[in-house]
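2 protein chains.
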Amino acid sequence: MEKVSSNRSFKGVHEVWAHDSNATSCKMTFSIYLPDNPQGDKQKTLIWLSGLTCTEENFRVKSGVQRFASDHNMIIVSPDTSPRGENVPDDPNYDFAQGAGFYLNATEEPWAENFNMYKYVVEELVELIQDHFPVDENRIGLSGHSMGGHGALTIAIKNPDIFKSVSAFSPICNPVKIPWGQKAFTRYLGKEESSWDDYDSCSLIRKQGWQKDILIDQGEEDEFLADQLKPESFAKACDEKNVSLTLRMQPGFDHSYFFIATFIQDHIDWHSQRL
Amino acid sequence: MEKVSSNRSFKGVHEVWAHDSNATSCKMTFSIYLPDNPQGDKQKTLIWLSGLTCTEENFRVKSGVQRFASDHNMIIVSPDTSPRGENVPDDPNYDFAQGAGFYLNATEEPWAENFNMYKYVVEELVELIQDHFPVDENRIGLSGHSMGGHGALTIAIKNPDIFKSVSAFSPICNPVKIPWGQKAFTRYLGKEESSWDDYDSCSLIRKQGWQKDILIDQGEEDEFLADQLKPESFAKACDEKNVSLTLRMQPGFDHSYFFIATFIQDHIDWHSQRL
Chain A
1 MEKVSSNRSF
11 KGVHEVWAHD
21 SNATSCKMTF
31 SIYLPDNPQG
41 DKQKTLIWLS
51 GLTCTEENFR
61 VKSGVQRFAS
71 DHNMIIVSPD
81 TSPRGENVPD
91 DPNYDFAQGA
101 GFYLNATEEP
111 WAENFNMYKY
121 VVEELVELIQ
131 DHFPVDENRI
141 GLSGHSMGGH
151 GALTIAIKNP
161 DIFKSVSAFS
171 PICNPVKIPW
181 GQKAFTRYLG
191 KEESSWDDYD
201 SCSLIRKQGW
211 QKDILIDQGE
221 EDEFLADQLK
231 PESFAKACDE
241 KNVSLTLRMQ
251 PGFDHSYFFI
261 ATFIQDHIDW
271 HSQRL
Chain B
1 MEKVSSNRSF
11 KGVHEVWAHD
21 SNATSCKMTF
31 SIYLPDNPQG
41 DKQKTLIWLS
51 GLTCTEENFR
61 VKSGVQRFAS
71 DHNMIIVSPD
81 TSPRGENVPD
91 DPNYDFAQGA
101 GFYLNATEEP
111 WAENFNMYKY
121 VVEELVELIQ
131 DHFPVDENRI
141 GLSGHSMGGH
151 GALTIAIKNP
161 DIFKSVSAFS
171 PICNPVKIPW
181 GQKAFTRYLG
191 KEESSWDDYD
201 SCSLIRKQGW
211 QKDILIDQGE
221 EDEFLADQLK
231 PESFAKACDE
241 KNVSLTLRMQ
251 PGFDHSYFFI
261 ATFIQDHIDW
271 HSQRL
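Chains A and B are the protein sequences, given in the same order. The numbering used here applies: residue 1 is where the first sequence begins, and numbers increase by one. The numbering used here applies: residue 1 is where the second sequence begins, and numbers increase by one.
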């Protein structure tokens with residue numbers, strides 16, 4: 001574990017750390033906001049998963065989350081969105097390979113060695129932050145944006161023992177039915193579509209349910225809403241399984257971090273109440 | 001005037017506009033946050049001047065100002081920090097030429113045609129925003145960071161009829177005495193140091209005073225504090241002239257936007273009370 005940077009922000013510090021990852025066979029970077037904690041108390045923790053093209057930096061720099069994490073004494077962790085580096089295979093498209101890990105474990109070559117972001121988040125990152133920071137293992141929540149909203153929903157639904165609360169901004173709710181997901185899943189997981197359902201939040205909620213409630217914010221002017229996000233499909237699946245979903249359609253808002261910054265306070269409040 | 005982008009943010013929109021500038025003889029870009037204003041009321045306006053290497057984007061994306069501008073119905077304008085483009089002379093150093101206009105009117109070649117950011121802000125931008133947006137000409141304030149803090153202080157002190165309030169983060173307070181300023185002023189203004197005083201806030205406050213109060217926030221862990229910023233020199237000059245300066249030294253904070261985001265609420269409140 002190597003500390004890359006540290007900046008004081010509100011009543012805490014935002015740090016960036018790098019480490020060698022077993023899950024992704026490369027060096028990974030994540031950022032962590034640590035509220036002042038002179039007693040070293042175990043703290044509520046929210047892991048944030050970012051969207052296509054993002055690194056650990058976007059949420060740290062653009063969301064304004066520190067103001068509310070500081071108020072609630074909540075640790076915030078944001079990993080990178082994929083393995084990276086010269087030794088990691090890549091693709092010229094913005095929506096596949098580096099910057100687009102889709103929070104799954106790839107089975108197809110040449111991706112299978114590195115593109116295991118599911119394993120990275122669920123096993124490696126959760127353990128790492130518990131070992132090195134005052135993360136309360138019983139109070140970890142999950143949220144994210146777009147591809148990271150897909151990651152938050154699918155990972156939480158499959159791991160309710162680890163993640164006690166989940167929310168999302170503009171999530172890719174039904175990746176098996178939309179172009180981003182079909183493209184990525186074909187290349188990461190192969191052409192056998194039955195293997196895709198394990199990373200589709202609509203399929204997962206139908207199969208496994210979710211015992212608590214879920215908050216989703218979605219901009220009505222989001223340029224990807226109609227073709228890529230499909231919140232109505234997730235709402236239908238939740239309805240079928242009697243899962244309590246609050247889906248807020250926000251007039252005028254698009255897919256950008258300006259949307260996230262506007263409503264991040266609500267999500268931090270929401271997780272804080274549940275953790 | 002060409003609208004480049006628009007994003008909804010809190011209760012308003014953040015827009016980016018481009019236009020041909022007479023002052024800088026090139027296309028200039030600025031961003032403007034417009035709180036919802038269905039009646040078209042004239043609104044308080046804060047112009048924000050950014051620091052070295054910045055464009056109009058940094059403050060828009062990283063400061064979190066929209067939350068408070070929205071609360072106070074305050075328009076926020078942030079121009080670029082210099083003329084730009086293939087036809088504008090440049091320099092490989094980060095602290096000179098494009099991205100480093102220092103809010104002065106250059107007199108030396110090859111800079112004099114384009115590097116007139118003082119004229120751009122005071123004459124062109126102020127007129128432009130009054131013509132196109134509901135800016136209240138009697139309620140315009142000025143703030144900025146680092147090189148932009150220098151810009152805010154010097155421009156306000158020289159133009160108290162236009163700018164009714166002024167604050168700064170980590171301003172370059174005494175550019176004639178420090179490396180960034182000496183390098184820039186020598187090349188923009190020539191070796192005759194007497195011409196430099198017209199862009200030095202310590203000299204200007206001694207010469208012209210300031211009838212109102214001034215707020216400055218400065219991080220104690222700022223990596224440029226000792227060599228480049230000199231807030232103590234400005235405090236001394238204010239003291240000599242009985243100018244009311246609130247200089248807040250903030251423990252643990254550095255020169256970054258994490259510092260600005262932490263205290264921007266205080267500055268927006270402060271300007272709102274005075275405008």
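The beta-carbon is built from N, C-alpha and C at its ideal position, and this holds for glycine as well. In this text, all values refer to a predicted model and were calculated from it rather than measured experimentally.
Buried or exposed, going by whether 16 or more other CB atoms sit within 10 Å of the CB of residue i?
i: B:E124; result: buried
i: A:G12; result: buried
i: B:E285; result: Past the boundaries of the shown model lies residue 285 of chain B; chain B is included only from 1 to 275, so the question cannot be answered.
i: A:G151; result: buried
i: A:R8; result: buried
i: A:D285; result: Residue 285 of chain A falls outside the range modelled here, since chain A spans only 1 to 275, and no answer is possible.
i: A:T246; result: exposed
i: B:N93; result: exposed
i: B:G40; result: exposed
i: A:R248; result: exposed
i: A:V16; result: buried
i: A:V126; result: buried
Using a Cβ-Cβ cut-off of 6 Å (strictly less than) and excluding sequence neighbours within five positions of residue i, which residues of its own chain qualify?
i: A:S25; result: E113, N114
i: A:F68; result: Q265, I268
i: B:F259; result: G219, F253
i: A:T45; result: I75, V135, I140
i: A:R274; result: S165
i: B:G85; result: C26
i: B:Y257; result: K62
i: A:I178; result: Q228
i: A:G99; result: T53, T81, S82
i: B:D91; result: A97
i: B:F185; result: W196
Name the DSSP beta bridge partners of residue i, please?
i: B:N32; result: Going by the sequence as given, residue 32 of chain B is Ile instead of Asn. DSSP output for B:I32 lists B:E15, B:V77 as bridge partner(s).
i: B:S25; result: According to DSSP, which records beta bridges pairwise, B:S25 is partnered with nothing at all.
i: B:E2; result: B:A18
i: A:G151; result: According to DSSP, A:G151 bridges with nothing at all.
i: A:S244; result: A:D213
i: A:Q250; result: A:G219
i: A:A100; result: A:A97
i: B:T45; result: B:I75, B:I140
i: B:N105; result: B:N116
i: B:N7; result: B:H14
i: A:V135; result: A:Q43
In three-state DSSP terms, what is residue i?
i: B:D222; result: coil
i: B:Q66; result: helix
i: B:V166; result: strand
i: A:S143; result: strand
i: A:T186; result: helix
i: B:L125; result: helix
i: A:V278; result: Look at the range of chain A in this structure, 1 to 275, and you will see that residue 278 of chain A is not part of it.
i: A:H255; result: coil
i: B:D90; result: coil
i: B:N58; result: helix
i: A:T262; result: helix
i: B:D161; result: coil
i: A:S50; result: coil
Considering only the beta carbon of each residue, do residue i and residue j sit closer than 8 Å?
i: B:I214; j: B:S195; result: no
i: A:D222; j: A:S170; result: yes
i: B:L204; j: B:F133; result: no
i: B:W180; j: B:D95; result: yes
i: A:W48; j: A:S143; result: yes
i: B:H255; j: B:L128; result: no
i: A:S201; j: A:T262; result: no
i: B:A23; j: B:Y103; result: no
i: B:G51; j: B:M117; result: no
i: A:E108; j: A:L189; result: yes
i: B:H14; j: B:Q66; result: yes
i: B:S233; j: B:N138; result: no
i: B:E192; j: B:V176; result: no
i: B:N73; j: B:V122; result: no
i: A:G291; j: B:G64; result: An answer regarding residue 291 of chain A cannot be provided, because it is not within the stretch 1 to 275 covered by chain A.
Which residues in the same chain as residue i place their Cβ atom closer than 7 Å to its Cβ, once the five residues preceding and following it in sequence are excluded?
i: B:D80; result: M28, T29, F30, T55, E56
i: A:G149; result: A168, F169, S170, P171, I172
i: A:A226; result: none
i: A:N87; result: C26
For residue i, I'd like the list of residues in its chain whose CB is within less than 8 Å of its CB, leaving aside the five on either flank, ordered along the chain.
i: B:R206; result: A237, E240, K241
i: A:W111; result: P89, A97, R187, Y188
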